[in-house]
Amino acid sequence: MAAMLLAVAGLSACTVKAKQVSNETSETETTMNEVMSLKGKKTLVAYFSWSGNTKEAAQYIAQKVGADEFEIIREKPYPTEYTPCTEDAKAEKDAGERPAIKGKVENMAQYDVVFVCVPVWWYTAPMPVYTFLEQYDLKGKTVIPFCTAYSGPSSTLKDIVKATPESDHRDGICIVTKEMGGKDMASKHGRIDKWLNEIGF
Ligand SMILES: Cc1cc2nc3c(=O)[nH]c(=O)nc-3n(C[C@H](O)[C@H](O)[C@H](O)COP(=O)(O)O)c2cc1C
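See the structure below:
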């Protein structure tokens, strides 16, 4: 069994089917659902936030798992009014832009796990998030997507996975804020706690 566990080390979530042969040579199949623990791994929470929801959640996650934080900020600020911001974001998305972002993660190589926390913008992550993901070598790291949205994730979580093809991944979640009038992340902390536990923290 120990050898089997070693063989699956590095998989994000694994189902091990172990054949146990008894003294009478009859076989019983045991299925174990195991998530390799990420506790104690050097972790970064990278986040983008325009109106504060994702920032609040990201900081909560960082505090829960003992992670460093990095805020992804577009060099040219987005408009502070909602409608102009949506127009700016849509034009940028339609053009497939990779806008310049502020600052750099110091020594990305030190991290084993990178949470990528974003709001859903036009059914995906804001473009500066892709600038961020394409700027670093995330090969072999465990990338964990997370999003907040008014109505749903659309393809956001999958898009973050697609943008980090050489990384391992754990299942992400989307916190939907519709029923809270678009705010009140604190009421969702229980859901975040449960998810962190499920993915190995
Ligand atoms: C430019 C823009 C586009 C958005 N597009 C979507 C969307 O496609 N689907 C959705 O459910 N919510 C959408 N929203 C709502 C945000 O995802 C939601 O309010 C999120 O929690 C905001 O996170 P933040 O406070 O960290 O910026 C959009 C908001 C903005 C500003």
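In the working numbering, the protein residues as written are 1 to 201.
Ideal Cβ positions, reconstructed from N, Cα and C, are used throughout, including at glycine.
Predicted, not measured: the structure shown is a model, and the values here were computed from it.
Considering only S167, E75, V65 and I175, the residue with the shortest C-alpha distance to F146 is I175. Within the chosen limit of 6 Å, ligand 1 reaches the beta carbon of G182 through at least one heavy atom. Taking V45 as reference, the option from A109, W195 and Y60 with the minimal CA-CA separation is Y60.
It is roughly 27 Å from the alpha-carbon of F201 to the alpha-carbon of S51.
Exclusion of S167 from the 6 Å shell around ligand 1 follows from its C-beta lying no nearer than that to any non-hydrogen atom of the ligand. Runs of the alpha helix (DSSP H) lying entirely within the segment 113-174, each at least 4 residues long, are 127-135 and 156-162 in chain order. A distance below 7 Å between beta-carbons, with the five flanking residues on each side excluded, links K102 to the following residues of its chain, in chain order: I73 and E75.
Taking every protein chain shown into account, the CB of G172 has 16 or more other CB atoms within 10 angstroms, so this residue is buried. In this chain, the alpha helix (DSSP H) harbouring E198 covers H189 to E198. Judged by beta-carbon spacing, A95 lies beyond the 7 Å limit of Y130, meaning their Cβ atoms are not closer than that value. When DSSP states are grouped into helix, strand and coil, E69 belongs to the strand group. Annotation: T148 to D112 spans about 24 Å, alpha carbon to alpha carbon. Y82 sits in a helix when the DSSP states are folded into three classes.
Scanning its chain for C-beta atoms nearer than 8 Å, with the 5 sequence neighbours on each side dropped, one finds around T124 the residues K93, S154, S155, T156 and D159, in chain order. Put simply, the backbone Cα of V143 is about 15 Å away from that of V105. An exposed status is given to P84, since fewer than 16 other beta-carbon atoms sit within 10 Å of its beta-carbon. The continuous beta strand (DSSP E) containing A46 extends over residues T43 to Y47.
At the C-beta level, Q110 and K42 come within 7 Å of one another.
Here E34 carries a strand assignment [DSSP, helix/strand/coil]. Y47 is classed as buried because its beta carbon has at least 16 other beta carbons within 10 Å across all chains shown. Residue pairing of I61 in beta bridges, as defined by DSSP: absent, with no partner found.
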